[in-house]
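Put into structure tokens, the structure is as follows:
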């Protein structure tokens, strides 16, 4: 993992001058891990986002085989080896039954559908922010999440403005820059050309919290942290559980500055920090920040719990196999 100052932070002090110059160029590659056990492609991206704090982007390619989410590893004896997510009785086949729906046989089958999975916490006064101001901020964050991760028109067209215009005016230029690279993948979903979702709504699980604090410049902000797993069903001819799923886990810190602390153009929604990975992806597409279903890889799980990618409480710091 690396961390960088954002390349698109705009001034928020009423007396501030022009924003900082862009930081180091995108992308940057860390050194390869000599102890890696993976037999397939490896890769990691670090990027900068708009806002007033560090931003990270971590992407992992994980293959889905049967009911398991698996990291690609060398084959055993020239044959693919699969590890199911549940223990099999002695003498039983490790192959799970065919799935009826795209989420069947995976943890996402129990997740709420679409927007129903994005539940706001009760709005209460926090620091200088009134209950009404907190409620307004939470509503803005939820609307941005719906557009960024669930709106099919947004995901399938090249127009990012429906999301960008939900942010503070001074944040928009930085966001547009993020959408010219793959940095946006830390907080928004775009499909690769030719990628096709099924008619099923994505399954969503996670939570939202908030607190009043100050940013690095001393500006009072309401920081809203979202932590969600998004499971997308792609069209596939396979009937094995999970084969058609791409799973994204992200943690984003959104912020709304206290109105008295900033210029009018800086009043509104910002992103302070973002972390994400995607599983079972097409690596070439995700090099551009785009989602598509990956080709299957075989091997044992790199995590003791192969369902970890579906759990918003698990770490985002997973091995990258692109």
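Residue numbers (our numbering): 2 to 323. Ideal placement from N, C-alpha and C gives every residue a C-beta, glycine not left out.
**Prompt:** residue 117: buried (16+ other C-beta within 10 angstroms of its C-beta) or exposed?
**Reply:** Under this definition residue 117 is an exposed residue.
State yes or no: is the C-beta of residue 270 within less than 8 Å of the C-beta of residue 281? Annotated as distal: residue 270 and residue 281, with beta-carbon spacing of 8 Å or more.
Check your understanding: DSSP puts residue 254 in a beta bridge; with which residues?
Key -> DSSP, once it has assigned bridges, lists 226, 274 as partnering residue 254.
Query raised in the report: Is residue 120 helix, strand or coil by DSSP?
Result: Residue state, collapsed to three classes: coil.
Next item on the list: Run through the segment 193 to 252 for me and flag every whole beta strand (DSSP E) of 3 or more residues, listed as ranges in chain order.
Entry: With a minimum length of 3 residues, the continuous beta strand (DSSP E) runs that stay inside the segment 193 to 252 are 204 to 215, 221 to 234.
**Request:** Find out if the Cβ-Cβ distance for the pair residue 246, residue 135 is shorter than 8 Å.
**Result:** Residue 246 is not a Cβ neighbour of residue 135, given a cutoff of 8 Å.
field: Simplified DSSP assignment, three categories, for residue 294
entry: Residue 294 falls in the strand class under three-state DSSP.
Practice item. For residue 279, write down the residues that DSSP places opposite it in a beta bridge. Key: Beta-bridge pairing by DSSP links residue 279 to 249.
Q) CA-CA distance, residue 108 and residue 311? A) Their backbone Cα atoms lie some 6 Å apart in a straight line.
What whole-angstrom Cβ distance do residue 164 and residue 187 have, given they're in contact under 8 Å? 13 Å between Cβ atoms; not a contact.
*Got a sec? Which residues, its chain only, sit under 6 Å from residue 236 by beta carbon, not counting five neighbours each side?*
Counting only Cβ-Cβ distances below 6 Å, and skipping sequence neighbours, we find 197, 199.
- Task: Can you give me the start and stop residues for the alpha helix (DSSP H) that residue 137 sits inside?
- Result: Per DSSP, residue 137 belongs to the alpha helix (DSSP H) from 132 to 146.
Residues bridged to residue 114 [DSSP beta-bridge criterion]
Note: residue 114 sits in a beta bridge opposite 204.
Which residue from 314, 101, 309, 263 puts its Cα closest to that of residue 216?
-> Selected option, being the one with the closest Cα: 263.
Could you please give the first and the last residue of the uninterrupted alpha helix (DSSP H) stretch that includes residue 174?
-> Per DSSP, residue 174 belongs to the alpha helix (DSSP H) from 173 to 179.
Please state whether DSSP places residue 127 in a helix, a strand or coil. Three-state DSSP puts residue 127 in a strand.
Requested in this report: Compare the C-alpha of residue 313 against each of 127, 189, 276 and name the closest.
Outcome: The candidate whose alpha carbon is nearest that of residue 313 is 276.
Enclosing alpha helix (DSSP H) for residue 323 [first to last residue]
From DSSP, residue 323 is part of no alpha helix (DSSP H); its letter is neither H nor E.
Under the rule that 16 or more other beta-carbon atoms within 10 Å means buried, what is residue 174, buried or exposed?
Classified as exposed, residue 174 has fewer than 16 neighbouring CB atoms from the shown chains inside 10 Å of its CB.
* Asked: Given a threshold of 16 other Cβ atoms within 10 Å of its Cβ, counted over all protein chains shown, does residue 267 qualify as buried or as exposed?
  -> That one is buried.
Run of the alpha helix (DSSP H) containing residue 260, from where it starts to where it stops:
Boundaries for residue 260: no alpha helix (DSSP H) harbours it, and the DSSP string shows neither H nor E there.
Of the residues 193, 190, 231, 162, the one placed nearest residue 207, counting alpha carbons only: A check of alpha carbon separations from residue 207 across 193, 190, 231, 162 identifies 231 as the nearest.
Should residue 242 go down as buried or exposed, given a rule of 16 or more other Cβ atoms within 10 Å for buried?
By the 16-neighbour rule on beta-carbons within 10 angstroms, residue 242 is buried.
Practice problem: Less than 8 Å between the CB atoms is what I'm expecting for residue 122 and residue 209, so what's the real figure, rounded? | Solution: Indeed they touch by this definition, with Cβ atoms about 6 Å apart.
Subject >> Nearest to residue 141 (by Cα), restricted to the options 286, 225, 285, 192 >> reply: The shortest CA-to-CA distance from residue 141 to any of 286, 225, 285, 192 is the one to 225.
| field | Same chain only: Cβ atoms within 7 Å of residue 125, ignoring 5 sequence neighbours per side | value | Excluding sequence positions up to five before and after residue 125, its CB lies within less than 7 Å of the CB of 132, 135, all in the same chain and listed in chain order.
- Task: Measure from the alpha carbon of residue 249 to the alpha carbon of each residue in 308, 130, 213, 261, then state which is nearest.
- Result: Taking each of 308, 130, 213, 261 in turn and checking the Cα distance to residue 249, the smallest one comes out for 308.
Pull up the CB-CB distance for residue 129 and residue 221, whole angstroms please, since I reckon it's below 8 Å.
About 6 Å; that satisfies the 8 Å criterion.
On the three-state DSSP scale, how would you describe residue 266? DSSP, read as helix, strand or coil, puts residue 266 in helix.
- Message: Using the three-state DSSP reduction, which class does residue 61 fall into: helix, strand or coil?
- Response: For residue 61, the pLDDT reaches just 31, beneath the cut-off of 50, and the residue's location in the model is therefore unreliable, although a value from the coordinates is still provided. Looking at residue 61 - three-state DSSP - the assignment turns out to be coil, as it is neither helix nor strand.
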